[in-house]
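Peer 1:
Protein chains in written order, with my numbering: chain F, 157 to 266; chain H, 51 to 163.
Structure representation (structure tokens):
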């Protein structure tokens with residue numbers, strides 16, 4: 157079954173404590189991306205990756221890092237989380253026809 | 051600068067009637083459009099798409115219409131069912147080689163039984 161998985165699904169942390177949200181896809185897609193969803197703002201792209209070792213900024217990259225060492229994995233790193241990064245995060249993997257989303261990670265930064 | 055706009059944050063429709071969700075875009079370079087449906091606690095799932103070479107695409111109860119001159123697309127759901135209650139996002143993509151999707155802010159559809 158085609159799948160995008162994310163972990164953890166829920167996370168509460170404190171300001172400044174580094175965290176990583178993992179993302180993995182089993183569809184051999186080259187293109188992957190991270191989005192955040194906030195009320196009234198829809199889905200905004202944070203970072204994307206066209207292939208292994210190729211990443212670029214999306215619309216709201218500040219405060220985030222990514223890496224793409226393997227085709228299937230695309231982790232999102234928050235080096236020093238702040239309360240304004242409290243949000244719902246989605247990883248996505250794109251094929252020829254459409255983009256598949258993971259189930260989401262709800263992050264609360266205190 | 052919101053390139054893809056969904057001006058109705060919410061919509062309520064009676065079961066069995068038609069639901070019409072609207073989306074406007076500003077960038078004339080967009081040539082591929084999609085609709086996604088999102089249930090609570092789940093990721094968005096692909097619903098239907100349309101290329102700019104078409105003005106209509108149909109899939110069962112779902113039809114997407116594209117009016118390029120007006121830079122407007124709409125999603126029609128006929129007949130609406132309670133299970134259609136969800137948030138609907140439209141998205142747009144540029145010409146081939148541009149992989150980025152730009153999403154609208156979403157419309158919450160509630161189908162009343």
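Cβ coordinates follow ideal geometry from the N, Cα and C atoms, glycine included.
What you are looking at is a predicted structure, and each value in this text was computed from that prediction instead of being measured.
At which residues does the beta strand (DSSP E) containing residue 113 of chain H begin and terminate?
Peer 2: Segment 112-117, the beta strand (DSSP E) holding residue 113 of chain H.
Peer 1: Considering Cα atoms alone, identify which of F:234, F:203, F:218 is closest to residue 265 of chain F.
Peer 2: Answer by Cα proximity: F:234.
Peer 1: Taking Cβ to Cβ, would you say residue 158 of chain H is nearer than 8 Å to residue 137 of chain H?
Peer 2: Cβ distance < 8 Å, so residue 158 of chain H and residue 137 of chain H count as in contact.
Peer 1: For residue 150 of chain H, which of F:212, F:181, F:160 has the nearest alpha-carbon?
Peer 2: Checked all of F:212, F:181, F:160; the closest Cα to residue 150 of chain H is F:212.
Peer 1: Beta-carbon of residue 144 of chain H versus every beta-carbon of chain F: anything under 8 Å?
Peer 2: No, residue 144 of chain H does not count as interfacial toward chain F.
Peer 1: For a test of the three-state rule: what should DSSP assign to residue 241 of chain F, helix, strand or coil?
Peer 2: Note: residue 241 of chain F maps to helix in three-state DSSP.
Peer 1: Just the C-alpha distance for residue 250 of chain F and residue 194 of chain F, rounded to the nearest angstrom, thanks.
Peer 2: Taking the straight line joining both Cα atoms gives about 22 Å.
Peer 1: Compute the Euclidean distance between the alpha carbons of residue 247 of chain F and residue 180 of chain F, then round it to the nearest angstrom.
Peer 2: Straight-line Cα distance between these residues: approximately 8 Å.
Peer 1: Find out if the Cβ-Cβ distance for the pair residue 125 of chain H, residue 85 of chain H is shorter than 8 Å.
Peer 2: Yes, these two residues count as a Cβ contact at 8 Å.
Peer 1: Where DSSP assigns a beta bridge to residue 122 of chain H, which residues make up the other side?
Peer 2: The partner list for residue 122 of chain H (beta bridge, DSSP) reads H:74, H:117.
Peer 1: Anyone know if the C-beta pair for residue 204 of chain F and residue 220 of chain F falls short of 8 Å?
Peer 2: Not a contact, by the Cβ cut-off of 8 Å.
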